[in-house]
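Read top to bottom, the protein sequences are chains F, R, G and W.
Using my numbering, the first residue of the first sequence is number 1, and each one after it goes up by one.
Using my numbering, the first residue of the second sequence is number 1001, and each one after it goes up by one.
Using my numbering, the first residue of the third sequence is number 2001, and each one after it goes up by one.
Using my numbering, the first residue of the fourth sequence is number 3001, and each one after it goes up by one.
Positions of the beta carbon are idealized from the N, C-alpha and C atoms, including for glycine.
To start, the structure under review is shown below, and the notes come after it.
There are 4 protein chains.
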Amino acid sequence: MFELDVRSRLPVYEQLVEKFKQLIISEVLKADEQLPSVRVLAKQLTINPNTIQKAYRELERQGFIYSVKGKGSFAAPAIKSVSSEKLDRLTDELKKLAAEIMYLGMPKEDICEILSEIEQMVKGGDGVDTD
Amino acid sequence: MFELDVRSRLPVYEQLVEKFKQLIISEVLKADEQLPSVRVLAKQLTINPNTIQKAYRELERQGFIYSVKGKGSFAAPAIKSVSSEKLDRLTDELKKLAAEIMYLGMPKEDICEILSEIEQMVKGGDGVDTD
Amino acid sequence: MFELDVRSRLPVYEQLVEKFKQLIISEVLKADEQLPSVRVLAKQLTINPNTIQKAYRELERQGFIYSVKGKGSFAAPAIKSVSSEKLDRLTDELKKLAAEIMYLGMPKEDICEILSEIEQMVKGGDGVDTD
Amino acid sequence: MFELDVRSRLPVYEQLVEKFKQLIISEVLKADEQLPSVRVLAKQLTINPNTIQKAYRELERQGFIYSVKGKGSFAAPAIKSVSSEKLDRLTDELKKLAAEIMYLGMPKEDICEILSEIEQMVKGGDGVDTD
DNA sequence: GTGGTCTAGACCACC
DNA sequence: GTGGTCTAGACCACG
């Protein structure tokens, strides 16, 4: 299900965070859908439960999932009120990244094209390949 | 001149790398223009010369500056041949970032507008030799 | 285990890089085999951990090892895609070296013989998984 | 005449040493032919005379040129007796280099082919492209 | 325990 | 003066 790379310089728990973020953003994980339990996922991925726990905690902190004691963790339904601070931080990062990419020779038009593809994915998240 | 955050999760030397990258990309630092010396910058920022060294070394590795023993460090003039691997890595990162931003509600059009601004900035350093 | 020459013009950390490169190329260090930890090796060689760190960092950059925080450093399993630029640089260096050696009187045949020995050594680590 | 790269991590004087070595090895500079004077060459290359001096001193130390007080510097006619130590050092370096090149996938045959080209150059050093 | 970052201050090579 | 290397020892993040 997940491809974790223990060799990566990125900590394992952050890789998990990224994976789940993408699943939720692309609506492969629908709103209020339950995530696998910490213990089950830890066994599946043969990694320490603490690592899963840490990832879930981070996802909750960022508002992508919510946890219910005794029930489990669930994908958050939508974004209530995005702190403009977070959006600012993200767009700022995007600016830097886009600047470097353009500096390396890629024209703005190509980047816009990429954005169009992403737009489809984010909006049209139909559960086609949920596996 | 620089705003460094020593408490940041991002290492100081990486913050420096980012700052200089931006200065070079936006051509505030022109090609072959000399950067502040390791020792001088260390004193200015009240951080250790080794940390500056590490940042400069990384910038050199990424092709943004070149260093000459006994002379100084200088902004690299242009990009010779970007490894497509690097561009792929960057665009991939951009995709994830853009997806999250759109998920948080910002329409594609707004992002494209941002890109236009950046395009001006990157190209902005018109080809006139100010030296 | 290692013979380091602190008086050498070659920095200690580069000597370490060379040593490990050879161990990995000759498959004395098998793929995914763990290298000695930074601290342990530093004690063994009675040099500063930072110097080992620098060597490991360079080896990672060159693709010969990979490091995992909290786990250790390991020999990289194989070469994915060598940048042709690197190979060009290496063969260019070899050309100069071979020219000088021939100039000093060694015939081409002798050099080819040496190459045969090396071929054995490099391939020598037959594909049997000793792990 | 010379292409010096002040940006190179290689010191300028070593670049000079390499250039002259190649000229002498390929017999573009014939035996007992005079090299340009320190001052003249320094002006031509717009670098410090001390740097030229250092290069010539190193070339003399390695036996590629000899200097006569009040006359100038000249290409050494041939190799009298190569210290086997030097040849050992060079072949050792070549072994490492060849091992890395083979490790990166280039077959021995390709390397031998390269050697044949070099053999022609070293033996047949006709002054065709002395520029 | 591991690797990674940082500081304080020393010495070297280069030009 | 410049960049580059190294040491001594500290602290942090990761698993």
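Host beta strand (DSSP E) of residue i (start-end)
i	result
G/ARG2065	Residue identity differs from the one stated: residue 2065 of chain G is Ile in this sequence, not Arg. G/ILE2065 -> beta strand (DSSP E) spans 2065-2068.
Reduced DSSP secondary structure (H/G/I, E/B, other) of residue i
i	result
F/ALA75	strand
F/GLN34	strand
G/MET2106	coil
R/THR1046	coil
G/SER2084	helix
R/VAL1006	coil
W/LEU3090	helix
F/LEU29	coil
Buried versus exposed call for residue i [16 or more other C-beta atoms within 10 Å across all chains shown]
i	result
F/VAL149	The structure shown does not extend to residue 149 of chain F, since chain F is modelled only from 1 through 131, so no value can be given for it.
R/LEU1145	Outside the modelled stretch of chain R, which goes from 1001 to 1131, sits residue 1145 of chain R, for which no answer is possible.
R/TYR1103	buried
R/GLN1120	exposed
R/SER1083	exposed
W/LEU3041	buried
F/ILE65	buried
R/LEU1010	exposed
G/LYS2054	buried
W/THR3051	buried
G/ALA2078	exposed
W/PHE3020	buried
G/PHE2074	buried
W/VAL3068	exposed
W/SER3026	buried
F/GLU100	buried
W/THR3046	exposed
Residue-level contact to chain F via CB, residue i, 8 Å cutoff
i	result
R/TYR1103	yes
R/LEU1016	no
R/LYS1021	yes
R/ALA1031	no
R/ILE1052	no
R/GLU1060	no
Terminal residues of the alpha helix (DSSP H) in which residue i lies
i	result
F/ILE24	12-25
W/LEU3059	3049-3061
Chain G contact for residue i (CB, 8 Å cutoff)
i	result
W/LEU3087	yes
W/THR3046	no
W/MET3012	Here residue 3012 of chain W turns out to be Val, not Met, going by the sequence shown. It does not: the Cβ of W/VAL3012 has no partner Cβ on chain G nearer than 8 Å.
W/VAL3028	no
W/ALA3055	no
W/VAL3040	no
Min CB distance residue i to chain W below 8 Å
i	result
G/LYS2095	yes
G/LYS2108	yes
G/GLU2113	no
G/SER2116	yes
G/VAL2006	no
Neighbour flag for residue i against chain R, beta carbons, 8 Å
i	result
F/THR91	yes
F/SER84	no
F/ILE25	yes
F/GLU119	yes
F/GLU3	no
Compile a chain-ordered list of the residues in the segment 1065-1076 of chain R whose CB is closer than 9 Å to at least one CB of chain W. TYR1066, SER1067, VAL1068, LYS1069, GLY1070, LYS1071, PHE1074, ALA1076
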